[in-house]
Amino acid sequence: MFQKIYLDYAATTPVDPEVFEVMRPYFFEEFGNPSSIHQFGQKAQEGVVKARHQAADFLNCQVNELIFTSGATESNNSVIKSFGRNAELAKSLGGKPHLIVSQVEHECVLASSQVVEKEGLAEVTYLPVNREGLVEIEELEEAIKPNTVLVSMMYVNNEIGTIQPIAEIGKFLAELNKKRQQKIYFHSDVAQAINYLDCDTKKLGVDFLTLSAHKIYGPKGVGALFIREGSPFLRFIDGGEQEFKRRAGTHNAPGIIGLGAAINKVRSEKLKLKSLEGLRDKLIGGVSEKISYAFLNGSREQRVANNANFRFEGVEGEAVVMALDLEGIAISTGSACAARSLEPSHVLLALGLNALETHSSVRFSLGRYTNGQEIDRVLDVLPKIIERLRNISGNIKGDGLVERGKLPDDFGC
Amino acid sequence: MYSQKVIEHFQKPHNLGKMKDPDGVGEVGNPVCGDLMKIYIKTAKGKKGEEIIKDIKFETLGCVAAIATSSMVTEMAKGKTFAEAQKIKFSDVEESLGSLPPVKKHCADLAVRALRAAIADYQKIE
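Chains as they are written, first to last, in the working numbering: chain V, 490 to 902; chain U, 13 to 138.
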């Protein structure tokens, strides 16, 4: 049986055993509801308070600027919809609020933006990125209008690993805001950045920040949202006094405590970053050496330490992923064939890739437990897989192919 | 996610490769999910004088299901008369593979269309 190799850390991470030990009592002895006033509750509440301090410490913000949510998807939904649906804001603007999001944002940011657009409540600009996958400040500047209220840019892109100039954008907006009537608030989804980059809210100049526990070796189902004091925020979930009356619902105490422990551990793990980067570079170097017509998607330099997104001409992404899976190696793909919706990755399209190129792309994302042996095995197995699949595809390029008919409805697509 | 038979065809496709001097070539593509299939056929006259598919080969740029369905359709069509080959439906291909995830059924349809395109290509020349 092959050794199983996991290289899909951007999708999710295992819970760090130390983090789990910190969580454990809150499933059993300290199981109380943190809102209860008796001992059971108070003990659990202490744990939640400590987690909040750990996260606030890491992000350099005040504890009352941090709320815990069910994850990054909820946090992102909350921010976008809070601005989009803010009637008071619209009234003071004398019109619809204008949101600017990049075209490579996570699906939940784009979907939420489209929802408030369709509701007729907000205008949205979807800012393009250049071929490196990066936002250009000049383009952002051009997009800004008097009624712009929010800019949302993720720090590290989950698919291609590119790093946006968040601190630079933060400074730019701060300067702009000095001369503006309507302040532009700045939100960044840093879920994929926490492990690798400085997410100090003051240094980044953000007013809102999203993070997720299961990307940082914490449990799934819990995340956080930083809301800078004085920033407008409409409650997304009503019906309770929790989270400073900003987000109702019984605290997921073990989850929150896990998030706190996980984020606390990130600092010490950052010392190993150089070696992780080395493994990533080894993978990139090995691929470019052993496989022809292999290209990196997104900027080589502005790239997070653990991500390598490749496209391999002449093969399709899902086939590569499955072939590697049969060898015990787990990665992912933005190819349409692997998506339930059969749509190609919006991130890869935003880079300017054509449909065929997006279909030929796969993502390797390394992590805390990746070692050199695993990369060696990948470099041993992958070239053979690509060769085999290229053999199956022949030279088929689809030039002049015209099959533009709509898929019939009964094919489950 | 995939049946045993699909994985078998994925790992060891039947009738793979280019054909020298094919009598008919069918090339189809699905721009939505990006599968491209090419089927080559060589024809001959059968025992009763009817046209049969003497040899058949395929090339596919696509996902596991695309590769498996095109491999399977060539296996099903080889040696058959044109009339028999035309009767092959996407559900037949799917059945022969055991099953396909709902979102992959269109691959079986594409494979059938590639086969029919190859036959049509030959008949045009005829």
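Just so it is clear, CB atoms sit at the ideal spot from N, CA and C, and this is done for glycine as well.
The structure displayed is predicted, hence computed values, not measured ones.
Check: What is the DSSP secondary structure of V:Leu855, reduced to helix, strand or coil?
Finding: When secondary structure is reduced to three states using DSSP, V:Leu855 falls in the coil class, being assigned neither helix nor strand.
Margin query: Using a Cβ-Cβ distance cut-off of 8 angstroms, determine whether V:Ser821 contacts chain U.
Written below: Cβ-Cβ to chain U under 8 angstroms: no for V:Ser821.
Note to self: Quick check on U:Met13: buried or exposed, where buried means 16 or more other Cβ atoms within 10 Å of its Cβ?
What the structure shows: exposed
Notebook entry, point to check: Under three-state DSSP, which class holds V:Thr822?
Noted result: strand
Notebook entry, point to check: Can you list, in chain order, the residues of its chain whose CB lies under 7 angstroms from that of V:Gly738, leaving out five sequence neighbours each side?
Noted result: Ile726, Gly729 and Gln731
Item checked: With 16 other Cβ atoms within 10 Å as the buried cut-off, status of U:Asp121 -> buried
Next item on the list: Can you tell me which of the three DSSP states V:Gly685 falls into?
Entry: Checking the sequence, you will find Tyr at residue 685 of chain V rather than Gly. Coil, per DSSP.
Margin query: Run through chain U and tell me which residues come within less than 8 angstroms of V:Gly803, C-beta to C-beta.
Written below: Leu73
Checklist line | Buried or exposed (CB count within 10 angstroms, at least 16 for buried), U:Gly29 | finding: Exposed, since its Cβ has fewer than 16 Cβ neighbours within 10 Å.
Check: Are the region 591 to 603 of chain V and the region 743 to 754 of chain V in contact at 8 angstroms, needing three or more beta carbon pairs?
Finding: no
Next item on the list: Count the other C-beta atoms from every protein chain shown that fall within 10 angstroms of the C-beta of V:His676, then say buried if there are 16 or more, exposed otherwise.
Entry: Buried, because 16 or more other Cβ atoms sit within 10 Å of the Cβ of V:His676.
Next item on the list: Could you tell me which residues DSSP puts in a beta bridge with V:Arg575?
Entry: Position check: residue 575 of chain V holds Asn in this sequence, whereas Arg was assumed. Looking at the DSSP output, V:Asn575 shares a beta bridge with no other residue.
Notebook entry, point to check: Between U:Lys99 and the rest of its own chain, which residues show a CB-CB distance below 8 angstroms, the 5 nearest in sequence each way excluded?
Noted result: none
Notebook entry, point to check: In terms of alpha-carbon separation, which member of V:Phe572, V:Asn636, V:Asn753 and V:Phe517 lies closest to V:Ala545?
Noted result: V:Asn753
Note to self: Can you list, in chain order, the residues of its chain with a C-beta nearer than 7 angstroms to that of V:Ala808? Leave out the 5 residues immediately preceding and following it.
What the structure shows: Leu878
Margin query: For a quick check, are the C-beta atoms of U:Ile68 and U:Lys101 less than 8 angstroms apart?
Written below: no
Note to self: Using the three-state DSSP reduction, which class does V:Gly901 fall into: helix, strand or coil?
What the structure shows: Legend: pLDDT at V:Gly901 = 32, less than 50; position of this residue unreliable, no value from coordinates given.
Next item on the list: Check whether the Cβ of U:Asp133 lies closer than 8 angstroms to any Cβ atom in chain V.
Entry: Output row for U:Asp133: interface = no.
Check: Which residues in chain V sit within 8 angstroms of U:Leu28, going by Cβ to Cβ distance?
Finding: Asn880 and Ile881
Notebook entry, point to check: Can you list, in chain order, the residues of the region 623 to 645 of chain V whose Cβ is nearer than 7 angstroms to any Cβ on chain U?
Noted result: From the region 623 to 645 of chain V, no residue has a Cβ closer than 7 angstroms to chain U.
Item checked: Cβ of V:Glu892 within 8 angstroms of any chain U Cβ -> For V:Glu892, the predicted structure reports a pLDDT of 35, less than 50, and the residue's modelled location is therefore unreliable. A value from the coordinates is still provided. Judged by the 8 angstroms Cβ criterion, V:Glu892 is in contact with chain U.
Item checked: Unbroken beta strand (DSSP E) run spanning V:Ala783, endpoints -> Ala783 to Leu785
Checklist line | Cβ shell of V:Tyr782 (< 8 angstroms), same chain only, five flanking positions each side left out | finding: Phe801, Glu802 and Gly803
Margin query: Can you tell me whether V:Glu518 is helix, strand or coil according to DSSP?
Written below: Reduced to three states, the DSSP call for V:Glu518 is coil.
Margin query: Can you tell me whether V:Thr637 is helix, strand or coil according to DSSP?
Written below: strand
Next item on the list: Drop a sphere of 10 angstroms on the beta-carbon of V:Val618, count the other beta-carbons inside from all chains shown, and report buried for 16 or more, exposed for fewer.
Entry: When all chains shown are included, V:Val618 counts as buried.
Checklist line | Neighbouring residues, chain U, relative to V:Glu807 (Cβ below 7 angstroms) | finding: Cys75 and Val76
Next item on the list: Determine whether the Cβ of U:Ile79 lies closer than 8 angstroms to any Cβ atom of chain V.
Entry: yes
Note to self: Judging by CA-CA distance, which residue of V:Leu588, V:Asn798 and V:Ile874 is the nearest neighbour of V:Glu816?
What the structure shows: V:Ile874
Check: Near U:Gln16, which residues of its chain fall below 7 angstroms by C-beta distance, leaving aside the five closest residues on each side in sequence?
Finding: Within its own chain, the residues whose Cβ lies closer than 7 angstroms to the Cβ of U:Gln16, once the five positions on either side in sequence are excluded, are Gly110, listed in chain order.
Next item on the list: Spell out the partners DSSP gives V:Asn798 in its beta bridges.
Entry: Beta-bridge pairing links V:Asn798 to V:Arg852.
Next item on the list: Flag U:Pro34 as yes if its beta-carbon sits less than 8 angstroms from any beta-carbon of chain V, otherwise no.
Entry: no
Next item on the list: Give a yes or no on whether the minimum CB-CB distance between V:Ser834 and chain U is below 8 angstroms.
Entry: no
Check: Straight-line CA distance for V:Gln492 to V:Glu778?
Finding: About 24 angstroms.
Next item on the list: Just mark V:Val552 as buried or exposed, buried being the case when its beta carbon has 16 or more other beta carbons within 10 Å.
Entry: exposed
Notebook entry, point to check: Does the beta-carbon distance from V:Ile494 to V:Arg866 come in below 8 angstroms?
Noted result: yes
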